[in-house]
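> Pasting a structure below so you can have a look.
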(Lines of atoms letter the chains of each structure in order from A and count residues from 1; the text may use other names and numbers.)
(Lines give C-alpha, C1' and ligand atoms only; values in the text may rest on other atoms or scores of the structure.)
Protein backbone atom coordinates (compact mmCIF):
# COMPACT_ATOMS: atom_id res chain seq x y z
CA UNK A 1 0.00 0.00 0.00
CA UNK A 2 1.63 3.24 -1.13
CA UNK A 3 -0.96 5.53 0.28
CA UNK A 4 -3.49 4.73 2.97
CA UNK A 5 -6.43 7.11 3.29
CA UNK A 6 -9.12 6.43 5.83
CA UNK A 7 -12.04 8.76 6.29
CA UNK A 8 -14.38 7.75 9.04
CA UNK A 9 -17.70 9.50 9.51
CA UNK A 10 -19.21 8.45 12.77
CA UNK A 11 -22.67 9.70 13.68
CA UNK A 12 -23.07 8.07 17.06
CA UNK A 13 -21.74 5.03 18.82
CA UNK A 14 -23.31 3.82 22.04
CA UNK A 15 -21.95 0.77 23.76
CA UNK A 16 -23.16 -0.65 27.07
CA UNK A 17 -21.56 -3.83 28.29
CA UNK A 18 -20.62 -5.80 31.34
CA UNK A 19 -16.85 -6.06 31.48
CA UNK A 20 -14.47 -4.57 28.96
CA UNK A 21 -15.67 -2.25 26.20
CA UNK A 22 -13.60 -0.60 23.48
CA UNK A 23 -14.56 1.65 20.58
CA UNK A 24 -11.93 2.26 17.91
CA UNK A 25 -12.34 4.78 15.10
CA UNK A 26 -8.88 4.58 13.59
CA UNK A 27 -7.20 3.60 10.36
CA UNK A 28 -3.99 2.02 11.62
CA UNK A 29 -4.78 -0.02 14.75
CA UNK A 30 -1.45 -1.85 14.73
CA UNK A 31 0.16 -4.61 12.72
CA UNK A 32 -0.10 -2.53 9.54
CA UNK A 33 2.94 -2.03 7.27
CA UNK A 34 2.85 0.82 4.75
CA UNK A 35 5.77 1.17 2.34
CA UNK A 36 5.15 4.82 1.49
CA UNK A 37 3.24 7.64 3.12
CA UNK A 38 0.18 7.20 5.33
CA UNK A 39 -2.58 9.79 5.17
CA UNK A 40 -5.20 9.39 7.87
CA UNK A 41 -8.25 11.60 8.25
CA UNK A 42 -10.75 10.86 10.99
CA UNK A 43 -13.90 12.92 11.53
CA UNK A 44 -16.49 12.36 14.25
CA UNK A 45 -19.61 14.45 13.70
CA UNK A 46 -21.88 13.09 16.42
CA UNK A 47 -21.68 11.81 19.96
CA UNK A 48 -19.50 8.85 20.95
CA UNK A 49 -20.42 7.09 24.22
CA UNK A 50 -18.41 4.18 25.60
CA UNK A 51 -19.57 2.70 28.91
CA UNK A 52 -18.45 -0.40 30.80
CA UNK A 53 -20.48 -1.63 33.77
CA UNK A 54 -19.37 -4.45 36.01
CA UNK A 55 -16.84 -5.90 38.40
CA UNK A 56 -13.71 -5.62 36.21
CA UNK A 57 -14.99 -2.72 34.14
CA UNK A 58 -12.74 -1.03 31.60
CA UNK A 59 -13.84 1.44 28.92
CA UNK A 60 -11.58 2.77 26.13
CA UNK A 61 -12.28 5.16 23.29
CA UNK A 62 -9.66 5.72 20.57
CA UNK A 63 -10.40 8.20 17.81
CA UNK A 64 -7.90 8.84 15.00
CA UNK A 65 -5.06 7.07 16.77
CA UNK A 66 -2.11 5.20 15.27
CA UNK A 67 -0.99 2.36 17.52
CA UNK A 68 1.95 0.09 18.21
CA UNK A 69 2.84 -2.34 15.45
CA UNK A 70 2.16 0.20 12.71
CA UNK A 71 5.16 0.69 10.41
CA UNK A 72 5.08 3.64 7.99
CA UNK A 73 8.06 3.81 5.63
CA UNK A 74 7.47 7.44 4.67
CA UNK A 75 5.59 10.34 6.22
CA UNK A 76 2.57 10.08 8.49
CA UNK A 77 -0.01 12.79 7.84
CA UNK A 78 -2.78 12.64 10.40
CA UNK A 79 -5.83 14.86 10.80
CA UNK A 80 -8.36 14.16 13.54
CA UNK A 81 -11.49 16.27 14.03
CA UNK A 82 -14.11 15.69 16.72
CA UNK A 83 -17.14 17.97 16.39
CA UNK A 84 -19.41 16.15 18.82
CA UNK A 85 -19.24 14.99 22.42
CA UNK A 86 -17.04 12.07 23.50
CA UNK A 87 -17.97 10.27 26.73
CA UNK A 88 -15.97 7.36 28.15
CA UNK A 89 -17.22 5.94 31.46
CA UNK A 90 -16.24 2.93 33.56
CA UNK A 91 -18.34 1.99 36.58
CA UNK A 92 -17.43 -0.86 38.88
CA UNK A 93 -14.96 -2.37 41.30
CA UNK A 94 -11.91 -2.30 38.98
CA UNK A 95 -13.10 0.67 36.94
CA UNK A 96 -10.71 2.21 34.37
CA UNK A 97 -11.58 4.67 31.62
CA UNK A 98 -9.30 6.01 28.87
CA UNK A 99 -9.90 8.35 25.93
CA UNK A 100 -7.29 8.83 23.20
CA UNK A 101 -7.94 11.33 20.39
CA UNK A 102 -5.30 11.81 17.66
CA UNK A 103 -2.64 9.84 19.51
CA UNK A 104 0.49 8.42 17.82
CA UNK A 105 2.02 5.87 20.19
CA UNK A 106 4.41 3.03 19.51
CA UNK A 107 4.31 3.41 15.71
CA UNK A 108 7.46 3.38 13.57
CA UNK A 109 7.54 6.28 11.11
CA UNK A 110 10.44 6.55 8.64
CA UNK A 111 9.71 10.16 7.67
CA UNK A 112 7.99 13.14 9.21
CA UNK A 113 4.88 13.15 11.38
CA UNK A 114 2.40 15.92 10.52
CA UNK A 115 -0.45 15.94 12.98
CA UNK A 116 -3.49 18.17 13.38
CA UNK A 117 -6.01 17.40 16.12
CA UNK A 118 -9.13 19.51 16.63
CA UNK A 119 -11.73 18.90 19.32
CA UNK A 120 -14.68 21.30 19.20
CA UNK A 121 -17.04 19.24 21.35
CA UNK A 122 -16.88 18.15 24.96
CA UNK A 123 -14.65 15.26 26.05
CA UNK A 124 -15.58 13.50 29.31
CA UNK A 125 -13.57 10.60 30.74
CA UNK A 126 -14.93 9.23 34.02
CA UNK A 127 -14.07 6.28 36.23
CA UNK A 128 -16.19 5.48 39.28
CA UNK A 129 -15.46 2.61 41.63
CA UNK A 130 -12.94 1.18 44.07
CA UNK A 131 -9.94 0.95 41.67
CA UNK A 132 -10.81 4.05 39.66
CA UNK A 133 -8.52 5.42 36.97
CA UNK A 134 -9.40 7.88 34.21
CA UNK A 135 -7.24 9.51 31.54
CA UNK A 136 -7.69 11.61 28.42
CA UNK A 137 -4.98 12.04 25.78
CA UNK A 138 -5.55 14.46 22.89
CA UNK A 139 -3.08 15.08 20.05
CA UNK A 140 -0.10 13.45 21.72
CA UNK A 141 2.87 11.76 20.13
CA UNK A 142 4.28 9.26 22.57
CA UNK A 143 2.80 7.24 25.36
CA UNK A 144 -0.86 6.57 25.68
CA UNK A 145 -1.42 2.86 25.43
CA UNK A 146 -4.50 3.67 27.32
CA UNK A 147 -2.61 5.69 29.89
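In our numbering, the protein residues as written are 12 to 158.
Quick reminder that beta carbons are idealized off the backbone N, C-alpha and C, glycines included.
Going by other Cβ atoms of all chains shown within 10 Å of its Cβ, with 16 needed for buried, is residue 59 buried or exposed?
buried
> In whole angstroms, what separates the C-alpha of residue 45 from that of residue 123?
14 angstroms
> Whole angstroms is fine: what's the gap from residue 139's alpha carbon to residue 96's?
20 angstroms
> According to DSSP, simplified to helix, strand and coil, what is residue 71?
strand
> Ignore the nearest five residues each way along the sequence and tell me which others in residue 151's own chain have a CB closer than 7 angstroms to its CB.
114
> Hey, how far is the Cα of residue 109 from the Cα of residue 49?
25 angstroms
> Within 10 Å of its beta-carbon, does residue 71 have 16 or more other beta-carbons around it, so buried, or fewer, so exposed?
Under this definition residue 71 is a buried residue.
> For residue 139, which three-state DSSP category applies?
In the three-state reduction of the DSSP assignment, residue 139 falls in the strand class, which pools E and B.
> Just the Cα atoms here: how many angstroms apart are residue 87 and residue 93?
Straight-line Cα distance between these residues: approximately 19 angstroms.
> Mark residue 116 as exposed unless 16 or more other C-beta atoms lie within 10 angstroms of its C-beta, in which case mark it buried.
Residue 116 is buried by the Cβ-count criterion.
> Where do the ends of the beta strand (DSSP E) carrying residue 102 lie?
97-102
> At what residue ranges does the segment 106-137 contain a whole run of the beta strand (DSSP E), taking only runs of 3 or more?
108-112, 124-130
> Hey, could you find the ends of the beta strand (DSSP E) residue 145 is sitting in?
Per DSSP, residue 145 belongs to the beta strand (DSSP E) from 145-149.
> When you compare the CB positions of residue 47 and residue 84, do they come within less than 8 angstroms of one another, or not?
yes
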